[in-house]
Amino acid sequence: MYSLSELYRYPVKSTAYEPLESVRLDALGLEGDRRWMVVEASNGRFLTQRLLPQMGRIEARWQDDFHGLRLRAPGMQDIFVSVPESDANLRGVLIWRDMLQVPDAGDEAAQWLSSFLGRDVRLVQMPEQRARQVDTAYAEPGEHVHFADGFPLLLIGQGSLDDLSAKVGRPLEMLRFRPNLVVTGAEPFAEDGWKRIRIGDVTFKVAKPCSRCILTTIDPHTGERDAAREPLATLLGYRNVNGEALFGQNLLAENRGELKLGMPVEVLE
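Numbering (UniProt numbering), first residue to last: 1 to 269.
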């Protein structure tokens, strides 16, 4: 039997992971996942660990009592950032090919992040009504995504990571690949053949394989890059399709509901 063994979200795009025991899904995926993003102050272009590996040392956590975000980083005092008004202080931002107008989170958050990152940056937030359309080659009109690169959810099988670790020759951290859902009990890369799955009361469409980048070579705990470009180099050796290293599957939720660790995962198609 397949089961949901790990759950993660990333409140601010490309910052540290948040492990979860349960979470609800809303119209954009896991509640609170990648609703915030760091951008260049000068031009609004999005920033990630690809350019700034130290972003992985920033911890973001949602605070219900505050109705905002707590940011924490080494050598910095914690800061609390309120959710900005959805139509106030709009800033033009660019994420891949998408140009958006989204609310800026204010000067205090910008100064805190700029100080830690050594770069002039701003923090922006994604209201649901300003979300991006998912690529219609894989999704229906009206299916939206937050600040993730392309899709609201990513699933990886533990068996697939174990297979990759064996080929690289050392245990690899699942968090190098920044999944939302980890499934145990399946053969390596079994998820490549899935079309629809159900976890609890939520059904998911398996949209497309995930193409991996240099981010996978960054240690999720230290922020250091692997000198041998592993595990990307090994992935390109045996998971290479048209020059892209494929690992994990992008998902689209077909309804809302709650996910909890240990739930059975049923393959419908």
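Where is the CB? At the ideal position from N, CA and C, for every residue including glycine.
Local Cβ density within 10 Å of residue i, reported as buried at 16 or more and exposed below that
i: residue 99; result: exposed
i: residue 29; result: buried
i: residue 122; result: buried
i: residue 179; result: buried
i: residue 238; result: exposed
i: residue 133; result: exposed
Residue interval of the alpha helix (DSSP H) (run including residue i)
i: residue 217; result: Careful: residue 217 lies outside any alpha helix (DSSP H) and carries neither H nor E.
i: residue 169; result: Note, residue 169: premise wrong, no alpha helix (DSSP H); not H, not E.
i: residue 47; result: Where residue 47 is concerned, there is no enclosing alpha helix (DSSP H), given that its DSSP letter is neither H nor E.
i: residue 56; result: Neither: residue 56 is in no alpha helix (DSSP H) and is coded neither H nor E.
i: residue 237; result: 232-238
i: residue 301; result: With the chain covering only 1 through 269, there is no way to say anything about residue 301.
Cβ distance (whole Å) where residue i is taken to contact residue j below 8 Å
i: residue 76; j: residue 36; result: Actually they are not in contact, since the Cβ atoms of residue 76 and residue 36 sit about 17 Å apart, beyond 8 Å.
i: residue 151; j: residue 126; result: Contact doesn't hold; Cβ gap of about 15 Å is too wide.
i: residue 157; j: residue 186; result: 5 Å
i: residue 264; j: residue 3; result: 6 Å
i: residue 218; j: residue 53; result: 5 Å
i: residue 91; j: residue 44; result: 6 Å
i: residue 25; j: residue 253; result: 5 Å
Residue i versus residue j: straight-line alpha-carbon distance, rounded
i: residue 205; j: residue 212; result: 20 Å
i: residue 57; j: residue 95; result: 22 Å
i: residue 27; j: residue 128; result: 8 Å
i: residue 74; j: residue 194; result: 41 Å
i: residue 47; j: residue 168; result: 29 Å
i: residue 198; j: residue 255; result: 10 Å
i: residue 235; j: residue 66; result: 43 Å
i: residue 228; j: residue 181; result: 28 Å
i: residue 84; j: residue 231; result: 39 Å
i: residue 209; j: residue 145; result: 16 Å
i: residue 103; j: residue 41; result: 13 Å
i: residue 191; j: residue 89; result: 42 Å
i: residue 60; j: residue 259; result: 21 Å
Residue i - containing beta strand (DSSP E), residue span
i: residue 102; result: 98-103
i: residue 28; result: Where residue 28 is concerned, there is no enclosing beta strand (DSSP E), given that its DSSP letter is neither H nor E.
i: residue 254; result: Careful: residue 254 lies outside any beta strand (DSSP E) and carries neither H nor E.
Any C-beta of chain B under 8 Å from that of residue i
i: residue 150; result: Within the model displayed, chain B is absent; a lone protein chain is all it includes.
Worksheet entry | Whole runs of the beta strand (DSSP E) within the stretch 73-100, excluding any shorter than 3 residues | 79-82 and 90-95
Discussion item. Please give me, in chain order, every unbroken run of the alpha helix (DSSP H) with length at least 4 that falls completely inside the stretch 129-214.
Written reply: If we require 4 residues or more, the alpha helix (DSSP H) runs fully inside the stretch 129-214 come out as 158-168.
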